[in-house]
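Here's the structure we're looking at; comments come further down.
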Amino acid sequence: MDIRSELHKAQLFQNLELLAHQIVEGFISGIHKSPFHGFSAEFAEHKIYNPGESTKHIDWKLFAKTDRLYTKRYEDETNLRCHMILDNSSSMYYPEVKNLSLDNLNKIGFGVLAIAALMELLKKQRDAVGLSIYSDTYDFHAPEKSSERHFQMLYSKLNEVAAPEGTKDTKTYTFLHQIAEKMHRRSLIFLFSDMFQTETEEARLFEALRHLKYNKHSVVLFHLLDHTHEIDFEFGNAPKRFVDVETGAHIDLYAESIKKAYSERVTQYQEDLKLRCAQYQIKYVDVDIRSNFSKVLNSFMIERQKFA
């Protein structure tokens with residue numbers, strides 16, 4: 001069965017917005033375990049106090065409850081502009097999952113749910129959100145807006161995401177350059193991708209990442225991988241056929257025979273990617289799609305406070 005043809009027939013999730021709401025509620029209910037203890041019921045109306053700011057708007061009642069300093073937010077404050085970028089290339093549909101659920105996700109499912117959850121948080125803050133989706137083409141772009149109608153349109157678009165037809169090579173760097181050109185006002189940019197490219201294209205990919213930083217944008221790369229298979233290369237001892245979902249090329253081999261060399265190469269690529277991100281002041285976040293969404297949401301909270 002071709003999972004891509006199946007995904008064209010139905011939505012990714014039955015109720016994406018509800019799932020996103022559940023993820024956010026679970027995150028906020030457990031927020032006392034994070035650096036944001038006490039920042040739940042008042043989440044939408046307050047921001048963390050930064051030393052040097054005026055103390056005029058500190059909420060002392062909230063300080064008495066949480067032992068942390070927060071300032072009140074006001075409607076006329078400049079809201080955040082946030083842009084989500086989703087890699088929708090064929091490799092993002094690994095592993096093959098027939099019925100996506102919170103406990104059974106592939107990379108594209110995790111990316112869609114993570115973006116939807118971040119949108120829930122941003123909507124609580126009355127922030128503006130934009131979205132770009134690319135595969136073998138630049139599939140979709142919506143500039144940053146904060147209206148309820150806009151959010152509903154983005155949820156609908158995310159839920160309609162489907163893999164590109166056929167096996168087509170995706171050049172991520174091409175579309176990152178195009179997206180960067182569209183970002184005219186300082187924004188917080190989140191990129192969800194497995195970052196798979198051929199070795200000869202790595203330099204171009206790194207250059208495209210640097211382009212995203214122009215105009216004083218803040219960029220966070222969520223590097224989505226299935227750690228069990230794509231890093232640890234756990235496929236057992238039986239012979240397997242490995243197929244490149246973007247080119248259709250395949251090879252038959254015993255996974256154990258190349259496991260060590262493969263893991264070393266992937267680990268080195270990750271280290272190179274982390275190094276380039278550090279050089280360009282891009283936040284790199286390694287995400288295992290078999291984990292929960294706390295790493296994504298915590299990273300967002302930290303970066304949002306730094307950006308404000």
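Going letter by letter, the sequence shown gives residues 1 to 308 in the UniProt record's numbering.
Backbone N, C-alpha and C fix where the C-beta goes; we use that ideal spot for every residue, glycine too.
Keep in mind that this is a model prediction, so the values were computed, not measured.
message = For a quick check, are the C-beta atoms of aspartate 139 and asparagine 79 less than 8 Å apart?
response = Contact flag unset, no.
key: beta strand (DSSP E) runs contained entirely in the stretch 198-230, provided each spans 3 or more residues   = If we require 3 residues or more, the beta strand (DSSP E) runs fully inside the stretch 198-230 come out as 218-225.
key: Rounded separation between lysine 240 and phenylalanine 233 - CA only   = Lysine 240 and phenylalanine 233: Cα-Cα distance of roughly 12 Å.
task = Identify whether isoleucine 28 lies in helix, strand or coil by the three-state DSSP scheme.
result = Isoleucine 28 falls in the helix class under three-state DSSP.
C-beta contact flag for isoleucine 133 and leucine 176 at 8 Å = No, Cβ-Cβ distance for isoleucine 133 and leucine 176 is not below 8 Å.
task = Can you give me the start and stop residues for the alpha helix (DSSP H) that threonine 174 sits inside?
result = Start and end: 172-182.
ask   = If we ignore side chains and look at the alpha-carbon of each, how far apart do glycine 38 and serine 29 end up?
value = Low per-residue confidence applies at glycine 38: pLDDT is 39, beneath 50, and the placement is therefore not dependable enough to give any value.
query = Around the Cβ of glycine 52, are there at least 16 other Cβ atoms within 10 angstroms (buried) or fewer (exposed)?
reply = Glycine 52 is exposed by the Cβ-count criterion.
ask   = By a C-beta neighbour count over all protein chains shown, 10 Å radius and 16 as the cutoff for buried, is serine 89 buried or exposed?
value = With 16 or more Cβ atoms within 10 Å of its Cβ, serine 89 is classed as buried.
inquiry  = For lysine 33, count the other beta carbons within 10 Å of its own beta carbon; 16 or more makes it buried, fewer makes it exposed. Which is it?
reply    = Note that lysine 33 has pLDDT 49, beneath the 50 cutoff, so the model's placement of it is unreliable and the number below is only indicative. Per the 10 Å Cβ criterion, exposed.
ask   = Exposed or buried, what is aspartate 136 when buried is set at 16 or more other beta-carbons lying within 10 Å of its beta-carbon?
value = By the neighbour-count rule (16 or more Cβ atoms within 10 Å), aspartate 136 is buried.
task = Mark residue 395 as exposed unless 16 or more other C-beta atoms lie within 10 angstroms of its C-beta, in which case mark it buried.
result = Only positions 1 to 308 of the chain appear in this structure, which leaves residue 395 out of reach.
inquiry  = On a Cα-Cα basis, can you pick out the residue from Asn106, Asn50, Glu271 and Leu12 that is closest to isoleucine 289?
reply    = Ranking Asn106, Asn50, Glu271 and Leu12 by Cα distance to isoleucine 289 puts Asn106 first.
ask   = Can you tell me where the beta strand (DSSP E) with leucine 131 in it begins and where it stops?
value = DSSP places leucine 131 inside the beta strand (DSSP E), whose first and last residues are 128-134.
request  = Please report the residue range of the alpha helix (DSSP H) in which alanine 116 lies.
outcome  = First-last of the alpha helix (DSSP H) with alanine 116: 107-124.
task = Kindly list the residues whose CB is nearer than 7 Å to the CB of glutamate 77, restricted to its own chain and excluding five residues on each side of it in sequence; keep chain order.
result = Confidence in glutamate 77 is poor, its pLDDT being 47 and thus under 50, which makes the residue's placement unreliable; the coordinate value appears in the next sentence. Nothing listed; no residue qualifies.
task = Would you mind working out which of Val287, Arg304 and Gln14 sits nearest serine 187, comparing C-alpha positions?
result = For serine 187, the nearest C-alpha among the options comes from Arg304.
query = Taking all protein chains shown into account, do 16 or more other C-beta atoms lie within 10 angstroms of the C-beta of histidine 184, making it buried, or fewer, making it exposed?
reply = Around the C-beta of histidine 184, fewer than 16 other C-beta atoms lie within 10 Å, and the residue is accordingly described as exposed.
message = Measuring only the C-alpha atoms, how far is asparagine 292 from aspartate 226?
response = Between the alpha carbons of asparagine 292 and aspartate 226 lies a distance of about 13 Å.
inquiry  = I'd like to check one pair, isoleucine 115 with tyrosine 93: are the Cβ atoms closer than 8 Å?
reply    = Their beta carbons are not under 8 Å apart, which means tyrosine 93 does not touch isoleucine 115 by this criterion.
query = If you run the structure through DSSP and keep just helix, strand and coil, what is leucine 158?
reply = Residue state, collapsed to three classes: helix.
Of the listed residues Gln281, Pro143, Phe27 and Tyr49, nearest to cysteine 82 (C-alpha basis) = Comparing Cα positions, the closest option is Pro143.
ask   = In terms of DSSP beta bridges, what is phenylalanine 140 paired with?
value = Phenylalanine 140 is bridged to Ile133.
ask   = If you draw a straight line from the alpha carbon of isoleucine 302 to that of leucine 253, how long is it in whole angstroms?
value = Taking the straight line joining both Cα atoms gives about 44 Å.
query = Would DSSP call threonine 55 helix, strand or coil?
reply = In the structure shown, threonine 55 sits in coil (DSSP, three-state: anything other than H, G, I, E or B).
Where leucine 273 sits in the DSSP three-state scheme = Reduced to three states, the DSSP call for leucine 273 is helix.
inquiry  = Spatial neighbours of lysine 213 within its chain, please: C-beta separation below 7 Å, excluding the five flanking residues on both sides.
reply    = Excluding positions up to five away in sequence, the list reads Val219, Tyr280, Gln281 and Ile282.
inquiry  = Can you find the residues in the same chain that come closer than 6 Å, C-beta to C-beta, to alanine 208, ignoring five residues on each side of it along the sequence?
reply    = If we look at alanine 208 and ignore the five residues flanking it on each side, its Cβ neighbours are Tyr173, Leu176 and His177.
inquiry  = Alpha carbons only, please: which of Arg204, Asp103 and Lys157 is nearest the one belonging to glutamate 17?
reply    = Per the Cα distances, Lys157.
query = Name the DSSP bridge partner or partners of asparagine 104?
reply = Bridge partners of asparagine 104: Ser101.
Residue range of the alpha helix (DSSP H) that includes phenylalanine 63 = Residues 60-66.
query = Given that a residue counts as buried once 16 or more other Cβ atoms are within 10 Å of its Cβ, and exposed if not, what is aspartate 194?
reply = Around the beta carbon of aspartate 194, a 10 Å sphere encloses 16 or more other beta carbons of the protein chains shown; the residue is thus reported as buried.
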